[in-house]
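Notes follow the structure.
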Amino acid sequence: MLHIGLIGCGRIAEKHVRTIAQLDHVSLAALSDIHRINMQEIESLYQKASGRRVLIPCYENYRELLKDPSIDIVVIAVYSGMHAAIAQEAIKQNKHVIIEKPLALSLQDAETIIHLAAVYRKKALVCHQLRYRPLLQKVKAFLDAGYFGPLFFGMVSLRLNRSRDYYESSCWKGTWEKDGGMLLNQGIHLVDLLVWLMGDVKSVYGEMATYVEGKATEDVAAGVVTFKNHAKGLIEANTITQPENVGYQLAIFGRNGTVCIGGKAFDELNHCYIDDLPDAKDELLQIAGQSTEHVAMYEDFLQAIQSDRPYLMTAKEGKRALETIFALYRSDNIREPVTLPLSDFST
Numbered sequence: 006m007l008h009i010g011l012i013g014c015g016r017i018a019e020k021h022v023r024t025i026a027q028l029d030h031v032s033l034a035a036l037s038d039i040h041r042i043n044m045q046e047i048e049s050l051y052q053k054a055s056g057r058r059v060l061i062p063c064y065e066n067y068r069e070l071l072k073d074p075s076i077d078i079v080v081i082a083v084y085s086g087m088h089a090a091i092a093q094e095a096i097k098q099n100k101h102v103i104i105e106k107p108l109a110l111s112l113q114d115a116e117t118i119i120h121l122a123a124v125y126r127k128k129a130l131v132c133h134q135l136r137y138r139p140l141l142q143k144v145k146a147f148l149d150a151g152y153f154g155p156l157f158f159g160m161v162s163l164r165l166n167r168s169r170d171y172y173e174s175s176c177w178k179g180t181w182e183k184d185g186g187m188l189l190n191q192g193i194h195l196v197d198l199l200v201w202l203m204g205d206v207k208s209v210y211g212e213m214a215t216y217v218e219g220k221a222t223e224d225v226a227a228g229v230v231t232f233k234n235h236a237k238g239l240i241e242a243n244t245i246t247q248p249e250n251v252g253y254q255l256a257i258f259g260r261n262g263t264v265c266i267g268g269k270a271f272d273e274l275n276h277c278y279i280d281d282l283p284d285a286k287d288e289l290l291q292i293a294g295q296s297t298e299h300v301a302m303y304e305d306f307l308q309a310i311q312s313d314r315p316y317l318m319t320a321k322e323g324k325r326a327l328e329t330i331f332a333l334y335r336s337d338n339i340r341e342p343v344t345l346p347l348s349d350f351s352t
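Encoded structure:
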């Protein structure tokens, strides 16, 4: 039995708790949050979801949780600016870590996490769970099998609504120091899928704009990506869509095939054609509505720990989307294309 400690008991923690409750051979064994009421609510949720009437130790200081020798895995679900520091401390305390996106707010912090995980022989997972969604797994399999042929173009679109009230609900939201930008928080899942499916990035040119008062980070971002395989990419994102979310879109265009996925829940197959795979659309339609990715992500990670085998969403993989977004941010600052790899960057 592996024991999990959860640091940060806000809204995002609920998804982790429901996932942990579904899994065998793991248990939620400790909680940490600066607000005791949050820990009590998460404890109650876990008890109901798992059917286990257990009392869970609660720590207002997360460092006390890290000192607990019975904890094998630490889930980090606090605000973005604390992800890297807690992950580094946890690894040094010989814990495996599950880190909510984004991995870090600086390139140096991301690289330190990767280094520490190697030195201490610990696993570090970044929560880009959409890679585990059955629909995306099947598209990736088609790409890897060569059915799309050479890739020419990939694009992602994010059209969301985040009101002024949203940013005013917490003192850290909309700040570069504690939150990072809109692309790092709302857009990073799609950027991760873009680089996962299209390949390594060579350069990025981007521009951004901020319109909502009372915050520092961007509301609109647009980027042109050049991949090492000579394909082109487009990143288009905003959080000023009125009056509510329109949704997400990803499209991949190759010599022999095209696929477009979208919708408010990002689970709609809008288009699919592959020259030598006439049944591809039907195969994808059958699994388009499946959303088992969070459990699949946890299972992959737990099996990697137990068998000491590779897993999909490592910190090194998480750095790829992070660096792509950092390149777009830097490009906006200097008004020139930015070539990867970056030597440094911090929001």
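Under the working numbering, the sequence shown has 14 at position 9, and the numbering climbs by one with no breaks.
Here a beta-carbon is modelled for each residue, glycine too, at the ideal position from N, C-alpha and C.
Since we're looking at a predicted model, the values are computed, not measured.
Check	Outcome
Boundaries of the beta strand (DSSP E) in which Ile257 is found, first to last residue	Gly252 to Gly259
Cβ separation of Ile12 and Ile91, assumed to be a contact under 8 Å, to the nearest whole Å	6 Å
DSSP three-state assignment for Arg23, whether helix, strand or coil	helix
Per DSSP, cross-strand counterpart(s) of Leu239	Met160 and Val229
Beta carbon of Met318 nearer than 8 Å to that of Leu130	yes
Beta-bridge pairing of Ala214 - partner residues as DSSP gives them	Val225
Contiguous beta strand (DSSP E) assignments of at least 3 residues, all confined to the stretch 74-115	78-81 and 101-104
Outcome for Asp337 when other beta-carbon atoms lying within 10 angstroms are tallied against a minimum of 16	buried
Proximity below 8 Å, CB of Lys127 to CB of Tyr172	no
Nearest residue (CA-CA) to Arg68, options Gly10, Leu33 and Leu345	Gly10
Assigned exposure category for Ser85 - 16 Cβ within 10 Å defines buried	buried
CA nearest to the CA of Met302, picked from Gln27, Tyr278 and Arg16	Gln27
Candidates Leu71, Gly192 and Ala214, of which the one nearest Ala35 by Cα	Leu71
Lys286 versus Ile119 - alpha carbon distance	38 Å
Where Gly2 falls: helix, strand or coil (DSSP)	No answer is possible for residue 2: it lies beyond the span of the chain, which begins at 6 and ends at 352.
Bounding residues of the beta strand (DSSP E) (the contiguous stretch that carries Leu36)	Val31 to Ser37
Beta-carbon proximity list for Arg325, same chain, < 6 Å, skipping 5 on both sides	Val200
Close-in-space but distant-in-sequence residues of the same chain around Lys97 (CB under 8 Å, 5 per side omitted)	Leu121 and Tyr125
Within 8 Å, strictly: CB atoms of Met187 and Glu212	no
Classification of Glu48 by the beta-carbon crowding that lies within 10 angstroms, buried from 16 upward	buried
When Gly15, Leu50, Leu33 and Leu289 are compared against His40, the one with the closest alpha-carbon	Gly15
Buried versus exposed, by CB contacts within 10 Å (16 or more), Gly294	exposed
C-beta contact flag for Lys106 and Val79 at 8 Å	no
Cβ-based neighbour list, Asn166, same chain, cut-off 8 Å, excluding 5 preceding and 5 following	Thr244, Ile245, Thr246, Gln247, Pro248, Glu249 and Asn250
Closest residue to Val31 among Lys53, Gly252, His8 and Leu50 (Cα-Cα distance)	His8
Reference Pro139; option with closest CA among Leu290, Gln308 and Leu347	Leu290
Helix, strand or coil at Thr244 according to DSSP, with G and I counted as helix	coil
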